[in-house]
Each structure stands twice: as structure tokens, then as C-alpha cells.
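J.: Residue numbers (the working numbering), protein chains in the order written: chain A, 1 to 247; chain B, 248 to 383.
Even glycine gets a Cβ: it sits at the ideal position worked out from N, Cα and C.
This structure is a prediction, so every number in the text was calculated from the model and none was measured.
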């Protein structure tokens, strides 16, 4: 019997070493590459026809485009247009990554905190740099709440700074924890069904219960996969909005 | 934008028959460009999912945990640097928790993630943005 968390083990598929660092090609990296390839193929292939009346493939690609386009313009406004390609790529990468992870025998790279944290850290650094370039030292007014009593200001600055540094952590932990918990839960229920069946005799029909739960949970996980890609992307938009339009 | 070029196609074909569609196309392009640069305020955007409550629940938990963890970690870093363990760690543990709670309060009151909170003094064009912030 496999442990429910065994699905998250990183296995090196190809052992590589560079300057003493282990840079082995792992199953996680394989699925990241697959995600990039699949999403590129999907979007290129879907938009190849450029039909006036879109077919199923083109309609889905256009929906994704419009969804993110609306998200950027409603959350960041026109100043956000230059960042649209990045935000769209981010969304597609996470969506495809989360969805691919739901296929049996595949690997969910978004269930690794390293992956999500690196994404969030790049966004955090990028957004901070954008704010500094756009506003210079005025950027620091970020940390002083307007209209706060003078006595409280030093105290509030510390809180605001901490709350700024919380961003990449909460952003990455949310995605990672959702994927980790969801996939563990799926495996636990699947394991339960198998164990009850294995008990045999009068107990065996009882396996239908965890199995039914598993069907429902799989549906829920599809929702979570899309939702978390959405939440990650919309939060990126909001951070970008904060950086472009300081309060 | 795609929509503009897509709409242009039937018009080109139609021109042979009518001739006045050329003007029609121009007004339509102008309208599309206007809509693009001035997105309608208060228009319900498609960038929303119905599962807001679910997303909100996840955010409250992570915000609280992340606040505490990040605060404590910053405190620990300061302590390592100044050699004052556990002074800053303890102080920032509480401040981090406070920051987490404040983030939740901001989120729940519809301030979105705007740092620097307090008064709800926003310009009109930001109001529609904060409506979306709530949903995140």
C-alpha cells in the first residue's frame, strides 16, 4: 500500500551535476516542460484557423484570452496592458499545471512550495521594482497609512512592512497548500476504497461509499485547480495595481 | 484587438454590395477603440468566478498563518544580525500576527489588499476595482 503523500516525491529522471550542485532533471521538471509544451501547442493549434465563427478549440482559447484581458483591465486598468502577456502566461501555466496534475500517474508540480514560492517571489520582486521605477522614493509612502495618528506611525510602519513581506508567502502557500491537501485527500479516499475492498466478505460493498466521495472530490479538485490558478493570477493583478497606482 | 479585425472582415465583403458599410466600419472601429481605452465603469466583468466564498475561506487562513510566520522570521533574521535572540523574534511574532489580522480585516471590509488602510477615501474610478478586490 502506497502512502498518500508518496505522490509528491521528487524523483530524478536524469542525474545531472553542475559545479557540485545537483541539477537533476526530475519528474517535477518534466511536468513543467510538458505544461509549457501542451499549453503552447493548444493555444497555437486552437488559434491556427482564425475562424470568424470560432470552433470549440478556438472558442476556449479566446475565452481564456478574454478572461485574463478583462481581469487585467478591471483590476489594473489601461496601465496594466504592458503586463498582460506575463499575466496570461502565468495563468495558463498554473491552470495547465494544476489540471495536468489531476491526471492519474502524473505529477502536480504546483504542490511543491519551491515552485510556487519562486513564482511568487519573482512576482513580488518584479512588482516592487515596478513601484520603485514608477514612483521613486514616493514608493515608501506605501508603508505609511494616510490619516494615522502620529504616535502610532512607527508601529504601523512595522506592521505595514511585515504585511508587505507576507504577500509572496501567502500567495505561494495558498496555491501549494490547496494542491497538496486536495491531492492527499484524493489518495486517502482512494486508499480507503481499496482497503475496504481488500477486507472482503460483508465489508466489500462498503467500498462504494469512499468511492462515491472520491468521484465528488475529483470534481471539487477540478474546481480548485481552476480556482487557485485564478486566485493566484488575480492577486498578481492586484499587487500590480498597487504598484502602479500608489494609494 | 481581435474583435476589431474580426468584425472588419464581413464588412469588406459587404462593401461590394452596399458601399455605405465603409462609414459603418469606421464608426465601429472608433467605438471599439473608445470602449477599449475607456472600459465601462460598473460593468460586471467576466473576470469573476462564482466560487468567491471558497476562495475567501482559503485566503483568511493563509493570511493569518503567513502573517505570523513572516513576522517571526523577520524577527529571527534581525536577531541573527544583532545577536539579540529572542527579543525581535517575540516582538515581531505579535506584530506579524497583527499584520495578518489587519490584512483579513482589510479584505473583509472590501479594502482589498491595499496597504495603508483606514479611511475609505477612494476616487470613483478605483471603486469598481475594490469591488473586484473583495472577491479575490
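Which residues bound the alpha helix (DSSP H) around residue 209 of chain A?
T.: Per DSSP, residue 209 of chain A belongs to the alpha helix (DSSP H) from 208–244.
J.: With distances taken from CA atoms, which of A:105, A:119 and A:120 is nearest residue 27 of chain A?
T.: Among A:105, A:119 and A:120, the Cα nearest to that of residue 27 of chain A belongs to A:105.
J.: Below 9 Å between beta carbons: does that hold for residue 336 of chain B and residue 315 of chain B?
T.: Not in contact: residue 336 of chain B and residue 315 of chain B (Cβ atoms no closer than 9 Å).
J.: Taking the beta carbon of residue 95 of chain A as the centre, do at least 16 other beta carbons fall within 10 Å, making it buried, or is it exposed?
T.: Buried.
J.: Can you round the beta-carbon distance between residue 68 of chain A and residue 244 of chain A to whole angstroms, since I take them to be within the 8 Å contact cut?
T.: About 17 Å; that fails the 8 Å criterion.
J.: Consider the Cβ of residue 349 of chain B: report whether some Cβ of chain A lies at a distance smaller than 9 Å.
T.: Judged by the 9 Å Cβ criterion, residue 349 of chain B is in contact with chain A.
J.: Would you kindly check if the distance between the Cβ of residue 189 of chain A and the Cβ of residue 210 of chain A is under 9 Å?
T.: Yes.
J.: Answer yes if the region 142–149 of chain A comes into contact with the region 191–199 of chain A, meaning at least three C-beta pairs across the two stretches below 8 Å, and no otherwise.
T.: Output reads no: the region 142–149 of chain A does not touch the region 191–199 of chain A.
J.: Consult DSSP for residue 102 of chain A and reduce its assignment to one of helix, strand or coil.
T.: It is coil, neither helix nor strand.
J.: Determine the burial state of residue 379 of chain B: buried for a count of at least 16 other Cβ atoms within 10 Å of its Cβ, exposed for fewer.
T.: For residue 379 of chain B, the predicted structure reports a pLDDT of 43, less than 50, and the residue's modelled location is therefore unreliable. A value from the coordinates is still provided. Residue 379 of chain B is buried by the Cβ-count criterion.
J.: Note down, in chain order, each residue of its chain lying with its Cβ closer than 6 Å to the Cβ of residue 120 of chain A, except the 5 sequence neighbours on either side.
T.: Same-chain partners within the cutoff: 168, 171 and 172.
J.: Give the range of the beta strand (DSSP E) segment to which residue 13 of chain A is assigned.
T.: From DSSP, the beta strand (DSSP E) with residue 13 of chain A extends over 12–14.
J.: My understanding is that residue 305 of chain B touches residue 178 of chain A, with C-beta atoms under 8 Å, so please give their C-beta distance in whole angstroms.
T.: Right, the Cβ-Cβ distance comes to about 6 Å (below 8 Å), so this counts as a contact.
J.: Quick one: which residues of the region 169–181 of chain A get their C-beta closer than 8 Å to a C-beta of chain B? List them in chain order.
T.: Cβ contacts with chain B come from 169, 170, 173, 174, 177 and 178.
J.: Within 10 Å of its beta-carbon, does residue 334 of chain B have 16 or more other beta-carbons around it, so buried, or fewer, so exposed?
T.: By the neighbour-count rule (16 or more Cβ atoms within 10 Å), residue 334 of chain B is not buried but exposed.
J.: What number of angstroms, rounded off, separates the C-alpha of residue 236 of chain A from the C-alpha of residue 201 of chain A?
T.: If you take the alpha carbons of residue 236 of chain A and residue 201 of chain A, they lie about 54 Å apart.
J.: Once DSSP output is grouped into helix, strand and coil, what is the label at residue 26 of chain A?
T.: Residue 26 of chain A: strand per DSSP, three-state reduction.
J.: Rounded to whole angstroms, what's the CA-CA distance from residue 339 of chain B to residue 139 of chain A? Just pull it up for me.
T.: In a straight line, the C-alpha of residue 339 of chain B is about 23 Å away from that of residue 139 of chain A.
J.: Compare the beta carbon distance of residue 8 of chain A and residue 180 of chain A with 9 Å and say whether it is the shorter of the two.
T.: In this structure, residue 180 of chain A lies closer than 9 Å to residue 8 of chain A by Cβ.
J.: Which stretch, first to last residue, makes up the alpha helix (DSSP H) that contains residue 259 of chain A?
T.: There is simply no residue 259 of chain A to check, as chain A begins at 1 and stops at 247 in what is shown.
J.: Could you tell me whether the region 33–46 of chain A touches the region 87–102 of chain A, using the rule of 3 or more Cβ pairs below 8 Å?
T.: Touching, yes.
J.: Comparing C-alpha positions only, which one of A:133, A:134, A:156 and A:84 sits nearest to residue 341 of chain B?
T.: Per the Cα distances, A:156.
J.: Using a Cβ-Cβ cutoff of less than 7 Å, which residues in the same chain neighbour residue 46 of chain A once the five nearest sequence positions on both sides are dropped?
T.: Around residue 46 of chain A: 57, 58, 60 and 61.
J.: Pick from B:307, B:355 and B:344: whose alpha carbon is nearest that of residue 159 of chain A?
T.: For the residues B:307, B:355 and B:344, the minimum Cα distance to residue 159 of chain A belongs to B:344.
J.: Cα separation between residue 192 of chain A and residue 102 of chain A?
T.: So the two alpha carbons sit approximately 19 Å from each other.
J.: Is the CB-CB distance between residue 113 of chain A and residue 176 of chain A below 9 Å?
T.: Contact: yes.
J.: Here's the rule I'm using: 16 or more other beta-carbon atoms within 10 Å means buried, otherwise exposed. How should residue 290 of chain B be labelled?
T.: Confidence is the limiting factor: at residue 290 of chain B the pLDDT is only 46, short of 50, which leaves the residue's position unreliable and the question unanswerable from this model.
J.: Whole-angstrom Cβ separation of residue 182 of chain A and residue 115 of chain A, contact assumed at under 8 Å?
T.: In fact, because the Cβ distance is near 16 Å, the residues do not count as touching under 8 Å.
J.: Taking the alpha carbon of residue 2 of chain A as the point to measure from, which residue in A:78, A:22, A:184 and A:142 has its own alpha carbon closest?
T.: Out of A:78, A:22, A:184 and A:142, A:184 has the C-alpha closest to the C-alpha of residue 2 of chain A.
J.: What are the start and end residues of the alpha helix (DSSP H) that includes residue 198 of chain A?
T.: From DSSP, the alpha helix (DSSP H) with residue 198 of chain A extends over 153–199.
J.: What's the C-alpha gap between residue 218 of chain A and residue 6 of chain A?
T.: Their backbone Cα atoms lie some 18 Å apart in a straight line.
J.: Apart from the five residues on each side of it in sequence, which residues of its chain come closer than 7 Å, Cβ to Cβ, to residue 79 of chain A?
T.: Taken in chain order, the residues that qualify are 244.
J.: Which same chain residues, not among the five before or five after residue 292 of chain B, have their C-beta less than 6 Å away from its C-beta?
T.: In this prediction, residue 292 of chain B scores a pLDDT of 44, lower than 50, which makes its location untrustworthy; no coordinate-derived value is stated.
J.: Please report how far the alpha carbon of residue 49 of chain A lies from the alpha carbon of residue 55 of chain A, in whole angstroms.
T.: Distance between the alpha carbons of residue 49 of chain A and residue 55 of chain A: 9 Å.
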